[in-house]
Amino acid sequence: MSKFKIEKVKWSWISTVTSKHIYRDDEFVRTKTKEEAIEATEFLLNQPKGLTYTITVYRDGEYFTYFRHSMPCWGGFAKYRADHGKKFFFNPYFPRDIYVSFPNGDITLLGVCRDNNNKMLQSPYYEFILSQESPWVTAFGTKETIVYKNKCAIFTNMDTDPTVFYSFLRLASFTYANVYGSANKNWHPKADILFQKTGYGDPRRLAGQKPIRISGGTWAEGYGYTRPYNESIFKTKLPHKFKDLGKSGNSGYPNAPYSNKYFLDTMQKEFKVDARKKEDKTRDALIEAWDYFKEEAKKLDE
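Read in my numbering, the sequence shown has 1210 at position 231, and its numbers run on one by one without any break.
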């Protein structure tokens, strides 16, 4: 029998949140220490129900680890103006598909389930995306800050960027390797990332570790990830500046204009390869191109 008890609390939604009947009771485990909160995270993540993750906050002298299960997406990692105030103007209304609000308190731990085993973490691709050269390094800080429990990963460094964290889970393939993971297992990760991810992001932002910072601040400062343009932080530029996010009232997933033409043209002009072809000469050129794009990133706006 587990030493942890899942408590349930009903929400009293504020007046600006509509369709209150579709939201469900909040569920959490209460603990006294951070170490116990890590154990509680493992306990909850080992009961996956669809997309499952956890959020641990510290308040009133206790740790509360919230069970986010059967979720439609990662939207529960966002904070919204409708339930958290004007500070979160870039996430205007509370969405219909997220069942429970982000909890109040100091954000302490975040837990996610992985659909692949931990042996994959030893592969060159995963070693690279967890390294200090990773395009997503601002999502986690250092790999030593991630605690692994079976198929669970618990993030302990909250001085990091929430929206890059979202990209790390999805685009970097940390959780869904079968969807976005390494497609070229014998290639150097730099070549693999440029071959695959430039369909989603500018090679200069990837190699230069220069995502567009739209979170507003860090997890430790109380921010969650930003839903508008969250899929676009590695694209060349966004159609709106940070201060203008949310003015349209749309907190969904609008697309930022993007084309990989720059990448393909540069690879042809500078390295004499067609980067669409999976060939040895393409692989070798992509490894060389990484440093080229890293230097070119210095010319981009933040």
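The beta carbon of each residue, even a glycine, is placed where N, CA and C say it ideally should be. These figures come from a predicted structure and were not determined experimentally.
Rounded to whole angstroms, what's the CA-CA distance from residue i to residue j? Just pull it up for me.
| i | j | result |
| --- | --- | --- |
| residue 1271 | residue 1142 | 26 Å |
| residue 1292 | residue 1043 | Outside the shown range of the chain, which is 980 to 1281, sits residue 1292, and nothing can be said about it. |
| residue 1268 | residue 1181 | 13 Å |
| residue 1109 | residue 1122 | 5 Å |
| residue 1062 | residue 1082 | 10 Å |
| residue 1026 | residue 1048 | 9 Å |
| residue 1189 | residue 982 | 44 Å |
| residue 1256 | residue 1200 | 44 Å |
| residue 1183 | residue 1207 | 22 Å |
| residue 1216 | residue 1278 | 13 Å |
| residue 1158 | residue 1178 | Interpretation of residue 1158 is limited by its pLDDT of 41, a score under 50 that renders its predicted location unreliable; the figure taken from the coordinates is listed afterwards. Cα-Cα distance, rounded: 14 Å. |
| residue 1221 | residue 1149 | 22 Å |
| residue 1274 | residue 1050 | 40 Å |
| residue 1236 | residue 1280 | 16 Å |
| residue 1248 | residue 1012 | 57 Å |
| residue 1064 | residue 994 | 12 Å |
Does DSSP put residue i in a helix, in a strand, or in coil?
| i | result |
| --- | --- |
| residue 922 | Residue 922 falls outside the range modelled here, since the chain spans only 980 to 1281, and no answer is possible. |
| residue 1064 | coil |
| residue 1275 | helix |
| residue 1159 | Any reading at residue 1159 is ruled out, since the residue's pLDDT is 45, under 50, leaving its predicted position unreliable. |
| residue 1221 | helix |
| residue 1167 | coil |
| residue 1266 | helix |
| residue 1079 | coil |
| residue 1245 | helix |
| residue 1184 | helix |
| residue 1049 | strand |
| residue 1010 | strand |
Counting along the chain, where does the beta strand (DSSP E) carrying residue i start and finish?
| i | result |
| --- | --- |
| residue 1368 | No answer is possible for residue 1368: the residues shown for the chain start at 980 and end at 1281. |
| residue 1037 | 1030-1038 |
| residue 1132 | 1131-1134 |
| residue 1119 | Per DSSP, residue 1119 belongs to no beta strand (DSSP E); it is in the alpha helix (DSSP H), 1116-1119. |
| residue 989 | No beta strand (DSSP E) holds residue 989; DSSP gives it neither H nor E. |
| residue 1128 | 1125-1128 |
| residue 1100 | Note, residue 1100: premise wrong, no beta strand (DSSP E); not H, not E. |
| residue 1086 | 1085-1092 |
Check each candidate in the options and name the one with the smallest Cα separation from residue i.
| i | options | result |
| --- | --- | --- |
| residue 1191 | 1148, 1244 and 1114 | 1114 |
| residue 1035 | 1085, 1080, 1168 and 1075 | 1085 |
| residue 1196 | 1264, 1058 and 1112 | 1058 |
| residue 1259 | 1166, 1140 and 1243 | 1166 |
| residue 1145 | 1125, 1203 and 1273 | 1203 |
| residue 1032 | 1243, 1056, 1011 and 1014 | 1056 |
| residue 1276 | 1120, 1214 and 1261 | 1214 |
| residue 992 | 1080, 1015, 1030 and 1067 | 1080 |
| residue 1069 | 1209, 1003 and 1263 | 1209 |
| residue 1071 | 997, 1130 and 1017 | 997 |
| residue 1134 | 1140, 1128 and 1124 | 1124 |
Output the boundary residues of the alpha helix (DSSP H) element that contains residue i.
| i | result |
| --- | --- |
| residue 995 | Premise fails: residue 995 is in no alpha helix (DSSP H) and is neither H nor E. |
| residue 1019 | 1013-1024 |
| residue 1152 | Where residue 1152 is concerned, there is no enclosing alpha helix (DSSP H), given that its DSSP letter is neither H nor E. |
Against chain D, with Cβ distances strictly below 8 Å, would residue i count as a contact?
| i | result |
| --- | --- |
| residue 982 | Included in the structure is just one protein chain, with no chain D present. |
request  = Assess, as a yes-or-no matter, whether the stretch 1167-1175 is touched by the stretch 1099-1113 under the definition of 3 or more beta carbon pairs within less than 8 Å.
outcome  = Contact between the stretch 1099-1113 and the stretch 1167-1175 is present, because at least three Cβ pairs lie under 8 Å.
task = Examine the Cβ distances between the stretch 1031-1046 and the stretch 997-1012 and report whether three or more of them are shorter than 8 Å.
result = The answer is yes - the stretch 997-1012 touches the stretch 1031-1046, with three or more Cβ pairs under 8 Å.
key: At least 3 beta-carbon pairs within less than 8 Å: the stretch 1014-1031 vs the stretch 1073-1081   = These segments do not touch.
key: Touch test, the stretch 1086-1093 against the stretch 1246-1253, Cβ-Cβ under 8 Å, three pairs minimum   = Contact between the stretch 1086-1093 and the stretch 1246-1253 is absent, because fewer than three Cβ pairs lie under 8 Å.
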